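Asker: First the structure, which I've put down as structure tokens, then a few questions once you've had a look.
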Amino acid sequence: MAIGTRSAVKNKDGLIASKRKQSEVAVSSSDEVIVAPKKRPKAAEGKRSARKKAAVAAEVIVVDGGSSADDGGAGDEPEVISGDEEEVVDGEEGDDDAAEGDQSGADNEEDTELDIPDKITQKVDQTADLLMIFSGKVDVRFRPKKGEVKVVRGRWCLICKDDPKKKAAQGGRAGWYSGGNSTCRRHIASSHYPEYHKRCKAADVKESTAATPKSVLEARAAAAENKKTVSEQSTLDGVVQKVETPTAFSRVGIADAVTKHVVCGAQALLLADEPTFTNCLVVMRPKTTKEDLPSRTTVRTRIQNNFVDLLKALEAAIEAAPGDISTNFDLWTEEHTSIAFFGMLGQWIDVSDTGEWSLHAAVVAMHQVLGNHGGANLGRYFIKFTDRVGITSKAGANKLGHVTTDNASNNATATEQIAAILAKRGVKDWDPKSRQLSCLAHVVQLGIEDFMTAVTQVGLVENKQAIWDYDPMLAENRAVVGGLDIIAVIRTLAIKIQASPQRKEAFFRLQKQTGVEVPLVIPLHGNTRWGSAYGMCERAFRLREAIDSFVATAEAKFGPITVIRQNGKIQKKIPWSAFRLEEADWRRVQLCVDILADANKYHQLFSFETLPTIHRVIPALESLCTRWERKLEDPQYEIFHPALRRGLDKLGKYYNKLDNSAAYVLSLVLHPYYKLSYIEQKWGGAEEQQAELDAGNKDAVNWTEYAREVIKDSMKYYWPLRLHQKATAHAEEDRGPEHDDAAAGESDSEDEYDRERARRLRAEDSNGWKDELRRYLEDPALGIKKTTDTVKWWSLFHSIKPLFANKLTVLVLNKADASRLDKLEFERHALVEDIINGEGMRHVEVLCYTDEGMISLKTVVYDALLEHRVDSKLKGSKVNAILNRLHVAQPKPRDDVMRTLSIPEAVNQRKKLDKTDLEPRGLVRDVELDLEPRGLACDIELEEGDRHDGSKHRREGAQTHQLKKQ
């Protein structure tokens, strides 16, 4: 095995050793490693030629047929001196820095497009299946009985090479093939396909058609065709997923495992070439060669290919989504390098093959941002990423729905830039003001920040003044004045404890002594860390016993908590005891925890990825404001009242901005728990509006009517889309008959009937959605909770479709006496037709008042069951075995004699059945009546229109029984 700089070779322990000189390794049968220096190739040969020659590690000397004194006979194992050749492409090694440098400048220009890159094909992927049976390519030196030694390049068949029969017949050439890959695959197809199929399946490697026998390919094609037509029972494949684990070694499998380790473990690409890491892989499989292990080039290529597959799958999923794609984006800054990244998520309703709806979320982009962080630049980056995955396109296609961002001003500018770019492409209806939604978790965080700012500003002033006024000579003196400075004291203690490892250890010991099994750290509050204010105060209150013990004993162990200097001279030393907290202080901490707990509860309410939460926005924000307003009226929270007012002002500012988008009202109405009743009860209607007008509020709104108008506009737009019709503009839908009459003379292709039909369809369309909305709002929706998934609830009809998948289904339309199918309005008739036209669907109309249609229903069901059973039998696996045992004989005439029908005379003399005869011939039914004198219920199929009178048949049966007795 030839190795270059920093390459890896096996030593006698089976590990891979690092060598800096190119060498030749000879491995004998005793596994000894012999390293012989090899001359470096000439510089004139070039990098590629040099590496190709250096890759040939050694050679195999085989005598051509028969035995020889040099090799010890035909049955002896040849000495292995060579391994696989490593295919090296120019620029793959040594040019990593240059490649990365070119990539780093790819986005310097703002107009650079971000297309999906092409995948890189690796050679190991093309021959992965071949390596299940054959070795890699090697150069072998064959020595014939007469003639010079020849060096031949080819592969060993690992099965034939160890076959004793072939060894005896072919000697050292047993299992040697010098042909191309196609020749080797034909050998697999003719001799080793069962083993080849087994190994490929275990290693999860795709089989090659060239290595598969023709009979197997034909059988697979027939089975695939048969599978399309055979009805199969529904399975749990979409619910229960089997986790595949590797069962055999393969180059593809180990390359995937190393790639996942590098990516998921945040490792460097150089890890794949690190000898200590590759030694671990070799220890697990001592037969591993260098060619089996992936290099950093292989890992980098696989990462790019996986990224390409991800983008293509995301593009296909977005294209298949029936609705718009909502997005959220934000900027993140890397902690160590301060590089800014643009992150974007996409959410849409995904419809599975079985018709089930689910909320799907995926990462659309995580890309470095070059240039300024202004809204215009962010908007251009946004369009680049949406174009790449098919949400938007330069051709004018647009599936972009709402955009959720935080409340920074540059995000509003970004949405305006997005609207401007879409308008240039012909998309005029994307309004940035109504399409931008505020991140409610960020709104709550802003309220918390304003509250904590008011608390800490006052607290820091009080705490600073208390420290300056502290007199160490007074034993009971403290640096706590008993106001809002208590929060600043908590933060100061947390900082001082965590500043020293010895203090942290002492604090952990005190926690265990006070009953805390797992020691905890007090988190520090920061405006950029959501929930940190509540975490700091709540954790400190929970650990108050440990904090009191630490403050009481820290002076003797660690000295003063701080030293005050003036002009470089020590003025006073502040001991830890100056920050001791008493019961009243901890009571104020608990009050602050109660206030922050309200906000923290709603902070976590929107932290879901696959559950829609937009319907919670209005109720959550109103509930939080109500809770803080109640505390604002509570005297025990008086010390926090200024801070509460400041927080409420911030929440109210963004609460008023909810009126900019109708999405919040629509989501509230669409949730079956709230519907329109929440708005009617919380916001009021005409009476509440009049009361506000009387009170002097000229801007009073009838919120119930406002919500109905929002629903009306939305239904007019979305209702035609149910039938895949184009949504018309509201102005066209709302125009009256006078507009139609005015336009009568403008068209000579329409008459009064056409215009009347158009008016009727518009009226039916309006009544259709109004009736649907009325029934939905009047439904009490029993059993529904606040946490009900809106998407799952609305997909109820589609979710039961798997119950009927691949099963015989008959649609029974009852109450046909009230309304026939052909009498339904256009929209309802189209919906029913859509179901009826489904594959294998049958339908029957029946009446509830009479039995009309029942006989037809029985006939349809019985015929369908018989047809389904016959088809299942014919498509089964036993039908061929039965048909092979059947033989249909076709009689042939033996002569020219005409033979007519012959009826025996005794049959002709028999008395024919007379229905009027009082003593008819005995039947089986007569025997049944004798066994059961009470008579049997009639089970006779009657003609349609006849009524089934069981008592009549029982009377007739009793009369026949009495006649027989007479």
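Each residue of the sequence shown is one higher than the one before, starting from 1 at the first, in full-length UniProt numbering. All C-beta atoms in this analysis are idealised placements derived from N, C-alpha and C, irrespective of residue type, glycine included. Predicted model only: the values in this text are computed from it and were never measured.
Can you give me the C-alpha to C-alpha distance between PHE640 and LEU271, rounded to a whole angstrom?
Answerer: 55 Å
Asker: Can at least three beta-carbon pairs, one atom from the segment 370-379 and one from the segment 414-433, be found at a separation below 8 Å?
Answerer: yes
Asker: Would you mind sorting TRP769 into buried or exposed? The rule is 16 or more other CB atoms within 10 Å of its CB.
Answerer: Result: buried.
Asker: Would you kindly check if the distance between the Cβ of TYR655 and the Cβ of ASN600 is under 8 Å?
Answerer: no
Asker: Whole beta strand (DSSP E) runs in the segment 274-353 with 3 or more residues, listed along the chain?
Answerer: Counting only runs of 3 or more, we get 325-333 and 340-351.
Asker: Beta carbon of ALA540: closer than 7 Å to some heavy atom of the ligand NAP?
Answerer: This structure lacks the ligand NAP, and indeed carries no ligand of any kind.
Asker: Within 10 angstroms of the Cβ of HIS525, are there 16 or more other Cβ atoms? Answer buried if so, exposed if not.
Answerer: buried
Asker: Can you confirm whether VAL489, when its beta carbon is compared against all beta carbons of chain B, has any partner nearer than 8 Å?
Answerer: The structure shown contains no chain B, having only a single protein chain.
Asker: Could you check whether LYS206 and ASP292 sit closer than 8 Å to each other, using their CB atoms as the reference points?
Answerer: no
Asker: Per the contact definition of three or more C-beta pairs closer than 8 Å, is the segment 282-290 in contact with the segment 322-335?
Answerer: no
Asker: Under the three-state reduction of DSSP, which class applies to ARG842: helix, strand or coil?
Answerer: strand
Asker: Measure the alpha-carbon distance for PRO164 versus GLN170 and round it to whole angstroms.
Answerer: 10 Å
Asker: Suppose contacts are defined by Cβ-Cβ distances below 8 Å. Is GLN590 in contact with PHE550 by that definition?
Answerer: no
Asker: Helix, strand or coil, according to DSSP, for TRP683 in the structure here?
Answerer: coil
Asker: Give a yes or no on whether the C-beta atoms belonging to ILE159 and ILE133 are separated by under 8 Å.
Answerer: ILE133 is positioned such that its CB atom lies closer than 8 Å to that of ILE159.
Asker: How would you label PHE608, buried or exposed, when you count the other beta carbons within 10 angstroms and need 16 or more for buried?
Answerer: exposed
Asker: Nearest to ALA189 by CA position, among VAL216, ALA202 and SER178, is which residue?
Answerer: Cα-wise, what sits closest to ALA189 is VAL216.
Asker: Taking a contact to mean a Cβ-Cβ separation below 8 Å, would you say THR788 touches PRO612 in this structure?
Answerer: no
Asker: Enumerate, from N- to C-terminal direction, the unbroken alpha helix (DSSP H) stretches of 4 or more residues contained entirely within the segment 628-700.
Answerer: 641-656, 663-670, 677-682 and 686-694
Asker: Expressed to the nearest angstrom, what Euclidean distance is found between the alpha-carbon atoms of residue 967 and ILE254?
Answerer: In the structure as shown, the chain begins at 1 and stops at 966. Residue 967 is therefore absent and cannot be evaluated.
Asker: Assuming ARG588 contacts ILE448 (C-beta within less than 8 Å), just tell me the rounded distance between them.
Answerer: Not confirmed; about 18 Å, so no contact.
Asker: Whole angstroms is fine: what's the gap from ALA556's alpha carbon to GLN513's?
Answerer: 19 Å
Asker: Between GLY396 and the rest of its own chain, which residues show a CB-CB distance below 8 Å, the 5 nearest in sequence each way excluded?
Answerer: ARG425, GLY426 and VAL427
Asker: Using the beta-carbon count (16 or more within 10 Å), is ARG774 buried or exposed?
Answerer: exposed
Asker: Restricting to Cα atoms, I'd like to know which of THR610, ALA643 and GLY652 is closest to LEU624.
Answerer: GLY652
Asker: Can you check DSSP and say which residues form a bridge with TRP719?
Answerer: The partner list for TRP719 (beta bridge, DSSP) is empty, contrary to what the question assumes.
Asker: Using three-state DSSP, classify HIS615 as helix, strand or coil.
Answerer: Of the three classes helix, strand and coil, the one that applies to HIS615 here is helix, per DSSP.
Asker: Please name the residue, chosen from CYS592, ALA584, ILE561 and ASP585, that lies closest to SER577 on a Cα-to-Cα basis.
Answerer: ILE561
Asker: Give the DSSP-derived three-state secondary structure of HIS525 in the structure shown.
Answerer: In this structure, HIS525 counts as coil in the three-state DSSP scheme.
Asker: Between which two residues does the alpha helix (DSSP H) holding LEU378 run?
Answerer: Segment 375-389, the alpha helix (DSSP H) holding LEU378.
Asker: Under the assumption that GLY175 contacts CYS200 (Cβ atoms under 8 Å), give the Cβ distance between them as a whole number of angstroms.
Answerer: Not really, about 19 Å apart at Cβ, beyond 8 Å.
Asker: Could you say which of LEU886, LEU658, THR337 and THR859 lies nearest to LYS433 if we only look at CA atoms?
Answerer: LEU658
Asker: Would DSSP call SER819 helix, strand or coil?
Answerer: Residue state, collapsed to three classes: coil.
Asker: Quickly, what does DSSP pair GLN537 with across the bridge? List them, please.
Answerer: It is worth fixing the name first, because residue 537 is Cys in this sequence and not Gln. Note: CYS537 sits in no beta bridge, so no partner.
Asker: Using the Cβ count rule (16 or more neighbours within 10 Å means buried), how would you classify ALA597?
Answerer: exposed
Asker: With DSSP run on the structure shown, which of helix, strand or coil describes SER358?
Answerer: strand
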